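First the structure, in the form of structure tokens, and then the observations on it.
There are 2 protein chains.
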Amino acid sequence: MQRIYFDNAATTPLDPEVFKAMLPFFNEKFGNPSSIYSYGRETRMAIENARKTVAKILNAHPSEIFFTSGGTESTNTAINAAVNDLGCKHIISSPLEHHATLHSIEYLAKTGKVKLSYVHILANGQIDYNDLEKLLKESDEKCLVTLMHANNEIGNITDIERVAYLCEKHDAICNIDTVQTVGHFPIDLQKVHVHFINAAAHKIHGPKGVGMLYINKNIKIHPFINGGSQERNMRAGTENIYGIVGFAKALEIAVENMEEESLHIKEVKNYMKESLVKNIPGVHFNGDPEGESLYTVLSVAFPKTEKSDMLLFNLDINNICASGGSACTSGAEAASHVISAISKNPDQTTVRFSFSKYNTKEEVDLVVEKLKKII
Amino acid sequence: MQRIYFDNAATTPLDPEVFKAMLPFFNEKFGNPSSIYSYGRETRMAIENARKTVAKILNAHPSEIFFTSGGTESTNTAINAAVNDLGCKHIISSPLEHHATLHSIEYLAKTGKVKLSYVHILANGQIDYNDLEKLLKESDEKCLVTLMHANNEIGNITDIERVAYLCEKHDAICNIDTVQTVGHFPIDLQKVHVHFINAAAHKIHGPKGVGMLYINKNIKIHPFINGGSQERNMRAGTENIYGIVGFAKALEIAVENMEEESLHIKEVKNYMKESLVKNIPGVHFNGDPEGESLYTVLSVAFPKTEKSDMLLFNLDINNICASGGSACTSGAEAASHVISAISKNPDQTTVRFSFSKYNTKEEVDLVVEKLKKII
Numbered sequence: 001m002q003r004i005y006f007d008n009a010a011t012t013p014l015d016p017e018v019f020k021a022m023l024p025f026f027n028e029k030f031g032n033p034s035s036i037y038s039y040g041r042e043t044r045m046a047i048e049n050a051r052k053t054v055a056k057i058l059n060a061h062p063s064e065i066f067f068t069s070g071g072t073e074s075t076n077t078a079i080n081a082a083v084n085d086l087g088c089k090h091i092i093s094s095p096l097e098h099h100a101t102l103h104s105i106e107y108l109a110k111t112g113k114v115k116l117s118y119v120h121i122l123a124n125g126q127i128d129y130n131d132l133e134k135l136l137k138e139s140d141e142k143c144l145v146t147l148m149h150a151n152n153e154i155g156n157i158t159d160i161e162r163v164a165y166l167c168e169k170h171d172a173i174c175n176i177d178t179v180q181t182v183g184h185f186p187i188d189l190q191k192v193h194v195h196f197i198n199a200a201a202h203k204i205h206g207p208k209g210v211g212m213l214y215i216n217k218n219i220k221i222h223p224f225i226n227g228g229s230q231e232r233n234m235r236a237g238t239e240n241i242y243g244i245v246g247f248a249k250a251l252e253i254a255v256e257n258m259e260e261e262s263l264h265i266k267e268v269k270n271y272m273k274e275s276l277v278k279n280i281p282g283v284h285f286n287g288d289p290e291g292e293s294l295y296t297v298l299s300v301a302f303p304k305t306e307k308s309d310m311l312l313f314n315l316d317i318n319n320i321c322a323s324g325g326s327a328c329t330s331g332a333e334a335a336s337h338v339i340s341a342i343s344k345n346p347d348q349t350t351v352r353f354s355f356s357k358y359n360t361k362e363e364v365d366l367v368v369e370k371l372k373k374i375i
Numbered sequence: 001m002q003r004i005y006f007d008n009a010a011t012t013p014l015d016p017e018v019f020k021a022m023l024p025f026f027n028e029k030f031g032n033p034s035s036i037y038s039y040g041r042e043t044r045m046a047i048e049n050a051r052k053t054v055a056k057i058l059n060a061h062p063s064e065i066f067f068t069s070g071g072t073e074s075t076n077t078a079i080n081a082a083v084n085d086l087g088c089k090h091i092i093s094s095p096l097e098h099h100a101t102l103h104s105i106e107y108l109a110k111t112g113k114v115k116l117s118y119v120h121i122l123a124n125g126q127i128d129y130n131d132l133e134k135l136l137k138e139s140d141e142k143c144l145v146t147l148m149h150a151n152n153e154i155g156n157i158t159d160i161e162r163v164a165y166l167c168e169k170h171d172a173i174c175n176i177d178t179v180q181t182v183g184h185f186p187i188d189l190q191k192v193h194v195h196f197i198n199a200a201a202h203k204i205h206g207p208k209g210v211g212m213l214y215i216n217k218n219i220k221i222h223p224f225i226n227g228g229s230q231e232r233n234m235r236a237g238t239e240n241i242y243g244i245v246g247f248a249k250a251l252e253i254a255v256e257n258m259e260e261e262s263l264h265i266k267e268v269k270n271y272m273k274e275s276l277v278k279n280i281p282g283v284h285f286n287g288d289p290e291g292e293s294l295y296t297v298l299s300v301a302f303p304k305t306e307k308s309d310m311l312l313f314n315l316d317i318n319n320i321c322a323s324g325g326s327a328c329t330s331g332a333e334a335a336s337h338v339i340s341a342i343s344k345n346p347d348q349t350t351v352r353f354s355f356s357k358y359n360t361k362e363e364v365d366l367v368v369e370k371l372k373k374i375i
């Protein structure tokens, strides 16, 4: 039975072109990039070229780009730096953030270092910008605003220019979790004045175990991981050279083909949405799929029945990969904090289908056919 | 000109067998290990098997083994946990530690969280165990003792059973930086009662960007990197599946052939030592090469002359890879803190030659021949 992979918000298959770019560093080019001999300089050069590629795409300066072990480490770095180095004593976030954010800020609040506020969320899952401004205006402490560009479970997109503008106006530090949008949407850091953004290669057909943190050149922070002088003293540890090269290549490919691929993926998503409405009675969609939403994510609410309870299990039996929510929490099998925060109806079974350039309408047909049989 | 790689303490070439084990996870097996469908469970299973392999080799329980992005992150995790979660207010370390340790503990001291003491170092670079006991005995705070098993620059080996015994006796937390010894020396965690040890795959012919932290089951700590529930809620972030599989394979191979390979490498090291004494007047060796020392590392002190100043540069021109000290700091081109701490003679040029299973006596002959010409 052919496998259908509709879980691209969790992770994506590695692009063969990306793997090809990584390959030389697994065998002949293995020198430590920090070594002073030419053999080490060769890998160092590859890292610096990767940095330039990423910087150019995001319209940032290479000195503002730092490679990390992934989106989660990047988020942890930004949030901790805002509190420990930039004087933030009040964190404003949302209940819909990824656990990398939520668990970091909750821990900081627990240790008494910061006060936490959560911005009000509208019925469609979008953040209430008036409430955000109110929170910023009324705060008597230096604030960190940490919000995601796009929600990984329901796909809602936040207007980050507006968030950045409000932060600038109220002298707040602004961290945007762009893990679901870097490589999928154009991001111009000369237009959006934020302090931090992050990315993870494996969300854009790059390798797992590598990510990126943008740190605006106007701020100075202490490293989160202390040690050697790698990454210009900002992230210690021998560089994951294959990962870094793979990350830059994946981003390069994603941006090169963004227009064409986003149209294709949007078509697949909309086709699935329409097909579900036609074929599954009572189905509806979480978030704001008609409004500002990731073209890669469709969060479907199936009416709760005996059969829908076993939906993910039955999809799995049919070799269809989809998830209940974020992969990072699905191991725990707890209810999604995102769906709980926005849903008026607890009587639903949520399945997130998420798409990539490799998916097709034919796959959608097969999945909807199976869903009809399962439900 | 054939390249001679004598910098294996910085990083090692990837073993082709290790790469072979990693390969399937770059293409067909890309599922997110946290996903609940069978396709994700497949990669999760690979991670859990890797954990079992590592645990068995170290004689630990699989639940005590956590995969990280490398030795530096592991060290940061252990040290911060000792202070933030285990109540340590006094850190006892040595001036010869890797920067991953030194910069972490210095930062904690700077923020006022801990008091720092450095154990006295003997002339041969070995730590003074009597001073260590004195420091522990006289401390009126809970202590963290953080010492390296083997020094990455001069090769000195610390008696970690003795350190662990002293820590146990004085109720201190014990973190041993085993980055240079895991896979090179047998480590039995049922015999040596420490709280943390670490490892980095790329030091034992495994991939860069992945490491391990052992956390003794008798202690409970909070994650250093917060977020998803990966690594049983102890290290958030989508798992570097290729890296983890590669790490376990590299360790497996290292241990399988440890006896035979260590004999071979020891022979190469001793051959180089003797050959240098015979051929380079005034040469001597840093640390304790006749005593307890890494068989992989030979730290050579050449008499300072006009020519020896350019030694590393000239070795590089001759396609010989060696380093002045730790790779992690060589980018900074600062004098080695290790050599400064032990050397009675500032008038020396230090070169660290470090060996692996792939090196030969023929390579030593070529290098010594070149050195004779250079000096």
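Chains W and H are the protein sequences, given in the same order. Following my numbering, the numbering of the first sequence begins with 1 at its first residue and continues without gaps. Following my numbering, the numbering of the second sequence begins with 1 at its first residue and continues without gaps. By construction, the Cβ of each residue, glycine as well, lies at the ideal position given by its N, Cα and C atoms. Note that the structure is predicted; figures quoted are calculated from it, not measured.
Rounded straight-line distance, which links the Cα of residue j to that of residue i
i: residue 348 of chain H; j: residue 216 of chain H; result: 42 Å
i: residue 96 of chain H; j: residue 338 of chain H; result: 5 Å
i: residue 288 of chain H; j: residue 189 of chain H; result: 26 Å
i: residue 342 of chain H; j: residue 123 of chain H; result: 6 Å
i: residue 92 of chain H; j: residue 199 of chain H; result: 21 Å
i: residue 38 of chain W; j: residue 316 of chain H; result: 7 Å
i: residue 366 of chain W; j: residue 312 of chain W; result: 15 Å
i: residue 331 of chain W; j: residue 201 of chain H; result: Note on residue 331 of chain W: pLDDT 45, under 50, position unreliable in the model; no value is reported.
i: residue 304 of chain W; j: residue 352 of chain W; result: 15 Å
i: residue 167 of chain W; j: residue 180 of chain W; result: 22 Å
i: residue 85 of chain H; j: residue 210 of chain W; result: 28 Å
i: residue 239 of chain W; j: residue 302 of chain W; result: 45 Å
i: residue 280 of chain H; j: residue 32 of chain W; result: 28 Å
Where the alpha helix (DSSP H) containing residue i begins and where it ends
i: residue 22 of chain W; result: 16 to 22
i: residue 167 of chain W; result: 160 to 169
i: residue 335 of chain H; result: Premise fails: residue 335 of chain H is in no alpha helix (DSSP H) and is neither H nor E.
i: residue 105 of chain H; result: 99 to 110
i: residue 57 of chain W; result: 38 to 58
i: residue 272 of chain H; result: 258 to 279
i: residue 136 of chain H; result: 129 to 138
i: residue 78 of chain W; result: 71 to 84
Closest by C-alpha distance to residue i, when choosing among the options
i: residue 250 of chain H; options: H/203, H/238, H/239, H/285; result: H/203
i: residue 382 of chain W; options: W/227, W/335, W/220, W/51; result: Only positions 1 to 375 of chain W appear in this structure, which leaves residue 382 of chain W out of reach.
i: residue 104 of chain W; options: W/352, W/239, W/83; result: W/83
i: residue 151 of chain W; options: W/302, W/296, W/66; result: W/296
i: residue 372 of chain H; options: H/182, H/353, H/275, H/25; result: H/275
i: residue 35 of chain H; options: W/358, W/325, W/350; result: W/325
i: residue 158 of chain W; options: W/7, W/175, W/169; result: W/175
i: residue 359 of chain H; options: H/71, H/302, H/271; result: H/271
i: residue 184 of chain W; options: W/298, W/258, W/126, W/48; result: W/258
i: residue 28 of chain W; options: H/49, H/4, H/245, H/186; result: H/4
i: residue 117 of chain W; options: W/253, W/145, W/87; result: W/145
i: residue 126 of chain W; options: W/292, W/318, W/70; result: W/292
i: residue 11 of chain H; options: H/220, H/335, H/356, H/46; result: H/356
i: residue 187 of chain W; options: W/169, W/243, W/55, W/41; result: W/55
Terminal residues of the beta strand (DSSP E) in which residue i lies
i: residue 115 of chain H; result: 115 to 118
i: residue 174 of chain H; result: 173 to 177
i: residue 348 of chain W; result: 348 to 354
i: residue 313 of chain H; result: Counting along the chain, residue 313 of chain H falls outside any beta strand (DSSP E), though it belongs to the alpha helix (DSSP H) covering 311 to 317.
With 16 other Cβ atoms within 10 Å as the buried cut-off, status of residue i
i: residue 380 of chain W; result: A query on residue 380 of chain W cannot be resolved here, the shown segment of chain W reaching from 1 to 375 and no further.
i: residue 137 of chain H; result: exposed
i: residue 64 of chain W; result: buried
i: residue 171 of chain W; result: exposed
i: residue 192 of chain W; result: buried
> What residues from the segment 9 to 25 of chain W come within 7 Å of chain H, judged by C-beta to C-beta, listed N to C?
Replying inline: So the close ones are 10, 11, 13, 14, 19.
>> Along the segment 205 to 221 of chain H, where does the CB come closer than 9 Å to a CB of chain W? Name the residues.
In response: Of all residues in the segment 205 to 221 of chain H, 207, 208, 209, 210, 211 have a Cβ within less than 9 Å of some Cβ in chain W.
>> What are the residues in the segment 284 to 311 of chain W lying within 8 Å of chain H by C-beta distance?
In response: Per Cβ criterion, the list is empty.
>> Can you pull out the residues from the segment 236 to 248 of chain H whose beta carbon lies closer than 9 Å to at least one beta carbon of chain W?
In response: Taking 9 Å as the upper bound on Cβ-Cβ separation, chain W lies near residues 236, 237, 238, 239, 240, 241, 242, 243, 244 of the segment 236 to 248 of chain H.
> Taking a cut of 9 Å between CB atoms, which residues from the segment 48 to 74 of chain H lie near chain W?
Replying inline: So the close ones are 68, 69, 70, 71, 72, 73.
> Taking a cut of 8 Å between CB atoms, which residues from the segment 188 to 200 of chain W lie near chain H?
Replying inline: The segment 188 to 200 of chain W vs chain H, Cβ under 8 Å: 200.
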